[in-house]
Amino acid sequence: MQKQTRISSFIISVSSLAFAFLGGIFIATPSVQAAEPLPFINTTIAKEAATDVLTEDQRKAILREIVSSSQTEIKNIVDALTALKLDDAWSLAQADFLAKLATSSEYYDTLSEQLENEDLSLEDIKTIAKDLKEWREAVYAPELKEIGNLILVFQTKTIYDVVQLRSIKISSDLKKLDKQNLVNTDTLKKYLTQADKSIKNAKTLTDKATDLYYTTSIEPLQPKQAKEENTSDKQPTSLPVVESTENDTTVSPEIVIDPQDHVRALAKESLKELKTAYELFFKMNDRIRK
Numbered sequence: 210m211q212k213q214t215r216i217s218s219f220i221i222s223v224s225s226l227a228f229a230f231l232g233g234i235f236i237a238t239p240s241v242q243a244a245e246p247l248p249f250i251n252t253t254i255a256k257e258a259a260t261d262v263l264t265e266d267q268r269k270a271i272l273r274e275i276v277s278s279s280q281t282e283i284k285n286i287v288d289a290l291t292a293l294k295l296d297d298a299w300s301l302a303q304a305d306f307l308a309k310l311a312t313s314s315e316y317y318d319t320l321s322e323q324l325e326n327e328d329l330s331l332e333d334i335k336t337i338a339k340d341l342k343e344w345r346e347a348v349y350a351p352e353l354k355e356i357g358n359l360i361l362v363f364q365t366k367t368i369y370d371v372v373q374l375r376s377i378k379i380s381s382d383l384k385k386l387d388k389q390n391l392v393n394t395d396t397l398k399k400y401l402t403q404a405d406k407s408i409k410n411a412k413t414l415t416d417k418a419t420d421l422y423y424t425t426s427i428e429p430l431q432p433k434q435a436k437e438e439n440t441s442d443k444q445p446t447s448l449p450v451v452e453s454t455e456n457d458t459t460v461s462p463e464i465v466i467d468p469q470d471h472v473r474a475l476a477k478e479s480l481k482e483l484k485t486a487y488e489l490f491f492k493m494n495d496r497i498r499k
């Protein structure tokens, strides 16, 4: 009976993590949507601009649909951003981003009011659509990418903490099983070692993403004195560069790397490592049930 209780305890320890992940922790988050503006909206804008056969009312309907979807998009991002519990330095960015989202929401409100004007000509509507498309590409999309990365970085850190704590709990349970000779744990230990390696990799990737994001998006918003103090204590974060040989006489164009794209790539790789870890926990769970 005691043996069965210990084994059941171990299964619950692993299964509770499985429940957390199956409950949606790895499902697409608002940050993913924030970094990539809704495809539906971009497609709708393209549809409006691609044809001349639409009537004024049809074009207005399309633009109203874009405005409505965009306002929903903003609300979801505001909710996710507001939910973050950040310290002073990071909260400056949070406040700045919330202000930018409020400005974007006001822009859409103004657009909605314009579309209520029954005297708009076809050319007026085309101009509104053109201005909207240019504004989204030049202003809104870059802001959304940066805001989405802030959410993504902190969600990744939260998931890391959950997986790391679960690994510690599973390790403790394995020691108890060993001590009481309840089950052969060799294979379980191998799985746990592999999981811990993935967790360690995830920590490295998450730290890199956090440091790079801080350098590019948080530091510029700090007061001058605080910025200088942080800079003196912090090693610069470098991006990958292409090196040329001394004998190379050709002039290669400079490769510009968007730091936000790099942050996002690092965070996504970290999530992949954490996903690998919890898949190994599943294997341990299946193994102990046999």
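Under the numbering used here, residues 210 to 499 are what the sequence shown spells out, in order.
Glycine included, C-beta positions come from ideal geometry on N, C-alpha and C.
Beyond the five residues adjoining it in sequence on each side, Leu324 comes within less than 7 Å, by CB distance, of Lys269, Leu272 and Arg273 in the same chain, given in chain order. If the five residues before and after Glu482 are omitted, its C-beta is found closer than 8 Å to the C-beta atoms of Ser407, Ile408, Asn410, Ala411 and Leu414, all from its own chain and listed in chain order. Contact between the segment 369-376 and the segment 467-474 is absent: fewer than three C-beta pairs spanning the two stretches fall below 8 Å.
Asp420 and Tyr487 have their alpha carbons spaced roughly 25 Å apart.
Residue burial is scored here from C-beta neighbours: Gln389 has fewer than 16 other C-beta atoms within 10 angstroms and is therefore classed as exposed.
Secondary structure of Val262 (DSSP, three-state): coil.
CA-CA distance, Pro432 to Thr425, rounds to 15 Å.
The segment 276-288 makes contact with the segment 310-320: 3 or more CB pairs, one atom from each, lie closer than 8 Å.
Taking 9 Å as the cut-off, the beta carbon of Leu307 is found closer than this to the beta carbon of Thr291. A direct Cα-Cα distance of roughly 38 Å separates Tyr316 from Asp370. In the DSSP assignment, Tyr369 falls within the alpha helix (DSSP H) that extends over Ala350 to Lys388. In this structure, the alpha-carbon of Thr394 lies about 23 Å from that of Lys484. Beta-carbon to beta-carbon, Leu331 and Glu265 are separated by about 5 Å, close enough to satisfy the 8 Å threshold. Of the residues assessed, Val276 falls on the buried side of the cut-off, its CB having 16 or more other CB atoms within 10 angstroms.
A distance below 9 Å separates the beta carbons of Arg496 and Leu397.
Note on Ser381: under 16 other CB atoms within 10 angstroms of its CB, so exposed under the neighbour-count rule. Taking the C-beta atoms as reference points, Ala476 is found no nearer than 9 Å to Val392.
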